[in-house]
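Heads up, the thing below is written out as structure tokens.
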Amino acid sequence: MQLHELLRRLALPFALVTSDVIRVPVDAGELAVEVREGKTPPVLAIHGISSHRRLWDWLHVHDPSLSLIAPDLRGRGDSLDVAGGYGLPRHSDDLIAVLDKLGLDSVDVCGMSMGGFVAIDLALRYRDRVRSLVLVDGGFPMASPPGLTREMLPAMFADRLARLDQKWSSLEEFLAFFVTETAPLLDRNDPVLRGYLAHDLDADGRVRLSGDALLADAGDVFFDPTDWRQVDIPTRLLYAEFSRGKGTPPAYSAEAATGFYAELPALVDARLIPGADHAATIMTPAGAAATAALLHAAQG
Numbered sequence: 231m232q233l234h235e236l237l238r239r240l241a242l243p244f245a246l247v248t249s250d251v252i253r254v255p256v257d258a259g260e261l262a263v264e265v266r267e268g269k270t271p272p273v274l275a276i277h278g279i280s281s282h283r284r285l286w287d288w289l290h291v292h293d294p295s296l297s298l299i300a301p302d303l304r305g306r307g308d309s310l311d312v313a314g315g316y317g318l319p320r321h322s323d324d325l326i327a328v329l330d331k332l333g334l335d336s337v338d339v340c341g342m343s344m345g346g347f348v349a350i351d352l353a354l355r356y357r358d359r360v361r362s363l364v365l366v367d368g369g370f371p372m373a374s375p376p377g378l379t380r381e382m383l384p385a386m387f388a389d390r391l392a393r394l395d396q397k398w399s400s401l402e403e404f405l406a407f408f409v410t411e412t413a414p415l416l417d418r419n420d421p422v423l424r425g426y427l428a429h430d431l432d433a434d435g436r437v438r439l440s441g442d443a444l445l446a447d448a449g450d451v452f453f454d455p456t457d458w459r460q461v462d463i464p465t466r467l468l469y470a471e472f473s474r475g476k477g478t479p480p481a482y483s484a485e486a487a488t489g490f491y492a493e494l495p496a497l498v499d500a501r502l503i504p505g506a507d508h509a510a511t512i513m514t515p516a517g518a519a520a521t522a523a524l525l526h527a528a529q530g
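Quick note, the working numbering runs 230 ahead of the 1-based positions in the sequence shown.
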């Protein structure tokens, strides 16, 4: 069944189908979910730890043929006020509620960074709801500082948490901070980036991100990881050359990617994006093109 037909049955106006935001009841609130219809089977797109649904704007601009289901996860964006705890299993349960709302039995899943870990959890706990995985610089164990503890997580995510400490006077001010502290390889003149960052801010110039959500989810990623070796559906990985800016050590080395092949028979493709750092794996035209290519490969 086509996605527009599913939305019609939910009594959503057909004229808005190309990009419509629906509300999905979950434990302790409602998730905001953007549905963008293209020509492909639907892809559930899961953003990263400090991000939101507009992360996928680059992918949509590059390839509007892709049908995307993109939620703001609880504690982010228009789902900021959804309480009730965080963590990978909680996000997976929320996403099943999204699929149920849309009447979708199974989908291809694409997750970036922490979203990749949620995707793995989803594939393990709800095996019959996931057809394939595309992981964008996430999902597998990441390189981390030696001796990392939960108490060190606030320092590790200091740039993200610093966004929450002030009221941003303008989008320009927030943009300057973002490309300096978090994503130095992004083009500050990119209109897609401006739209993405505008979704971050509320009417008072505050970033719509829960610090509690960020730290709880980071704890799961680094200290309670999924049993990724048990995944048995086709899995594809994109990984960056750097972490934050040129010359910085990446989350995944080429050696690590080779090791994943050996440990996970379901891994059918792992591709480096040369010259990209973590953010640039999806928030640039090159990253979007690489992600789209793997999604089309996954859908045959």
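Glycine included, each C-beta is placed from N, C-alpha and C at the ideal position.
Predicted, not measured: the structure shown is a model, and the values here were computed from it.
Mark Glu402 as exposed unless 16 or more other C-beta atoms lie within 10 angstroms of its C-beta, in which case mark it buried. Numbered from its first residue, the sequence shown carries residue 402 at position 172. Flag for Glu402 reads exposed.
By DSSP, does Thr521 sit in helix, in strand, or in coil? Along the sequence shown, read from residue 1 onward, the residue named residue 521 stands at position 291. Judged by DSSP in its simplified three-state form, Thr521 adopts helix.
Using a Cβ cut-off of 8 angstroms (strictly closer), state whether His429 contacts chain D. Note that chain D does not occur in the displayed structure, where there is just one protein chain.
Alpha carbon to alpha carbon, how far is Leu497 from Leu296? Translated into the one-based positions of the sequence shown, residue 497 becomes position 267. Translated into the one-based positions of the sequence shown, residue 296 becomes position 66. Taking the straight line from one Cα to the other gives about 22 angstroms.
For Gly425, which residues in the same chain have their Cβ closer than 8 angstroms to its Cβ, ignoring the five residues on either side in sequence? If you number the sequence shown from 1, residue 425 lands on position 195. The residues are Arg284, Asp287.
In whole angstroms, what is the alpha-carbon distance linking Arg239 and Ser399? The count along the sequence shown starts at 1 and reaches residue 239 at position 9. The count along the sequence shown starts at 1 and reaches residue 399 at position 169. Unreliable placement is indicated for Arg239, whose pLDDT of 44 sits below 50; no coordinate value is reported for it.
Expressed to the nearest angstrom, what Euclidean distance is found between the alpha-carbon atoms of Leu261 and Ala300? Position 31 of the sequence shown, counting from 1, holds the residue named residue 261. Position 70 of the sequence shown, counting from 1, holds the residue named residue 300. A direct Cα-to-Cα measurement between Leu261 and Ala300 gives close to 10 angstroms.
Taking Ile503 as the reference, give the member of Tyr491, Tyr469, Ala385 with the closest Cα. Mapped onto the sequence shown, residue 503 falls at position 273. The residue with the shortest Cα to Cα distance from Ile503 is Tyr469.
Minimum length 4: unbroken alpha helix (DSSP H) runs contained in the segment 242-297: As far as the segment 242-297 is concerned, its whole alpha helix (DSSP H) runs of at least 4 residues are 287-292.
Candidates Leu445, Asp430, Leu444, of which the one nearest Arg438 by Cα: Within the sequence shown, numbered from 1, the residue matching residue 438 stands at position 208. Of Leu445, Asp430, Leu444, the residue nearest in Cα terms is Asp430.
Anyone know if the C-beta pair for Ser473 and His508 falls short of 8 angstroms? Counted from its first residue, the sequence shown places residue 473 at position 243. Counted from its first residue, the sequence shown places residue 508 at position 278. Taking 8 angstroms as the Cβ cut-off, Ser473 and His508 qualify as a contacting pair.
Counting beta carbon pairs with one atom in the segment 450-467 and one in the segment 354-364, are three or more of them shorter than 8 angstroms? Segments in contact, yes.
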